[in-house]
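Peer 1: The structure that follows is given in the form of structure tokens.
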Amino acid sequence: MAFTNDPNRVYDHKERLANKLVELSRTANSVDEIYKETLRELQNHFSDVWYTNEENEKVEVEVYHAFAERAISKKLKDNTLILPIITVGQSSAETDQDRGRFRSVLLNETWWDVDAERAIRTLSLAPVPVTINYEVSIWAKYTYNMDMVVQMLRTKFNPALEIDPPSSPKAKVFLTGEDNESSMVVGDGEDRLIRKNLLISVETYITYPRYRVTSTGRIERVVGDLRICNR
Numbered sequence: 002m003a004f005t006n007d008p009n010r011v012y013d014h015k016e017r018l019a020n021k022l023v024e025l026s027r028t029a030n031s032v033d034e035i036y037k038e039t040l041r042e043l044q045n046h047f048s049d050v051w052y053t054n055e056e057n058e059k060v061e062v063e064v065y066h067a068f069a070e071r072a073i074s075k076k077l078k079d080n081t082l083i084l085p086i087i088t089v090g091q092s093s094a095e096t097d098q099d100r101g102r103f104r105s106v107l108l109n110e111t112w113w114d115v116d117a118e119r120a121i122r123t124l125s126l127a128p129v130p131v132t133i134n135y136e137v138s139i140w141a142k143y144t145y146n147m148d149m150v151v152q153m154l155r156t157k158f159n160p161a162l163e164i165d166p167p168s169s170p171k172a173k174v175f176l177t178g179e180d181n182e183s184s185m186v187v188g189d190g191e192d193r194l195i196r197k198n199l200l201i202s203v204e205t206y207i208t209y210p211r212y213r214v215t216s217t218g219r220i221e222r223v224v225g226d227l228r229i230c231n232r
């Protein structure tokens, strides 16, 4: 086998390998998974918020994926919703160029394959840093319920909430703003619905699948239980 120290040929090999990994990663649906996992993590972190009812009992607030106002009104009219509730909905997402790397940067990592009980070296494309923005809406009938729920949510950001999606590194969540309360009349005109939005942003990464190159030059996707290898 002939070896070369020509930096141009080494660069071309890495570039071809990066292009092949891009091609393989397109079918992995890793982007959709990151968004779904991030939303689930937020909902889980907000699920311990509670309020006290008229009997001074502690009641946990239900957390849902975002509803439209007319859907909230219909559920209230049908008595299928108990206020207050929290809804979480994505409003936008953007690539964070300040935290990014070039697409052709390859990550060469060593992991411990739990199933095979051995260390393996993997290749993957550099993660893409993204900032995902969400609206956390609090819906209530009474101002004192609203104030209690909003304050409990605010205390989670001190200065940031940390989430840990399965398919990406731990991420920071920041409270970036609040909308003024708005109200609307629902049902037969006797019920008033109060809404307040908290604006949050999640600084996370879209990760790519990990692959290994076999001794025959074949590229295989690595699946299973992997752990950081310190050996």
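Per this note's numbering, the very first residue in the sequence shown carries number 2; after that it's consecutive.
Ideal placement from N, C-alpha and C gives every residue a C-beta, glycine not left out.
Nothing here was measured: the structure is a model prediction, and the numbers come from that model.
1. Spatial neighbours of E179 within its chain, please: CB distance less than 6 Å, with the 5 preceding and 5 following residues excluded, ordered by chain position.
2. Less than 8 Å between C-beta atoms, sequence neighbours within five positions excluded: which residues of the same chain meet that for V60?
3. Please state the DSSP three-state secondary structure of I1.
4. Which residues share a DSSP beta bridge with A120?
5. Excluding the 5 residues flanking G90 on each side, which residues of the same chain have their C-beta closer than 6 Å to its C-beta?
6. I'd like the span of the alpha helix (DSSP H) that includes K76, first residue to last.
7. How many Å lie between E204 and E42 at the Cα?
8. Consult DSSP for R41 and reduce its assignment to one of helix, strand or coil.
9. Under 8 Å by Cβ, that's how I've got S138 and T88 pegged, so tell me the actual separation to the nearest angstrom.
10. Can you name the start and end residues of the alpha helix (DSSP H) that L154 belongs to?
11. Assign I83 to buried or exposed, taking buried as 16 or more other Cβ atoms, counted over all protein chains shown, within 10 Å of its Cβ.
12. What residues in its chain sit with their C-beta under 6 Å from that of E95, if we drop five residues either side in the sequence?
13. Which residues share a DSSP beta bridge with H66?
14. Between the C-alpha atoms of S48 and E63, what's the straight-line distance to the nearest angstrom?
15. In the DSSP assignment, the beta strand (DSSP E) including L162 goes from what residue to what residue?
16. For I220, list the residues DSSP reports as bridge partners.
17. In terms of residue numbering, what span does the beta strand (DSSP E) encompassing A127 cover?
18. Mind checking whether N109 and S202 have CB atoms under 8 Å apart?
Peer 2: So, from the listed chains and residues:
1. Translated into positions along the sequence shown, residue 179 becomes position 178. These residues qualify, in order along the chain: L199.
2. Reading the sequence shown from its first residue, position 59 is the one you call residue 60. So the qualifying residues of the chain are W51, Y52, T53 and N54.
3. Absent from the structure is residue 1, since the part of the chain shown begins at 2 and ends at 232.
4. The sequence position of residue 120 within the sequence shown is 119, counting from 1. Bridge partners of A120: W113.
5. Residue numbering aside, residue 90 sits at position 89 when the sequence shown is read from its first letter. Contacts found: A67 and E136.
6. Along the sequence shown, read from residue 1 onward, the residue named residue 76 stands at position 75. Taken as a continuous stretch (DSSP letters only), the alpha helix (DSSP H) holding K76 covers E70 to K78.
7. Start at 1 with the first residue of the sequence shown, and residue 204 comes out as number 203. Start at 1 with the first residue of the sequence shown, and residue 42 comes out as number 41. One C-alpha to the other measures close to 13 Å.
8. As a first step, residue 41 must be located in the sequence shown, where it is residue number 40. R41 falls in the helix class under three-state DSSP.
9. As a first step, residue 138 is located in the sequence shown; it is residue number 137 there, counting from the start. As a first step, residue 88 is located in the sequence shown; it is residue number 87 there, counting from the start. Rounded, the Cβ-Cβ distance is 5 Å, consistent with contact.
10. As a working mapping, residue 154 is identified with position 153 in the sequence shown. L154 -> alpha helix (DSSP H) spans T144 to R155.
11. The sequence position of residue 83 within the sequence shown is 82, counting from 1. Counting Cβ neighbours within 10 Å, I83 comes out exposed, since fewer than 16 surround it.
12. Taking the sequence shown and counting its residues from 1, one reaches residue 95 at position 94. Same-chain partners within the cutoff: T132.
13. By 1-based counting over the sequence shown, the position of residue 66 is 65. Note: H66 sits in a beta bridge opposite V89.
14. What you label residue 48 is simply residue 47 of the sequence shown in a count that begins at 1. What you label residue 63 is simply residue 62 of the sequence shown in a count that begins at 1. Near 7 Å, if we compare the C-alpha coordinates of E63 and S48.
15. As a working note, residue 162 is residue 161 in the sequence shown. Start and end: A161 to I164.
16. The residue given as residue 220 occupies position 219 in the sequence shown. Answer by DSSP bridge pairing, in chain order: V214.
17. If you number the sequence shown from 1, residue 127 lands on position 126. Here A127 belongs to no beta strand (DSSP E), and DSSP marks it neither H nor E.
18. Walking along the sequence shown from the start, residue 109 turns up at place 108. Walking along the sequence shown from the start, residue 202 turns up at place 201. No, these two residues do not count as a Cβ contact at 8 Å.
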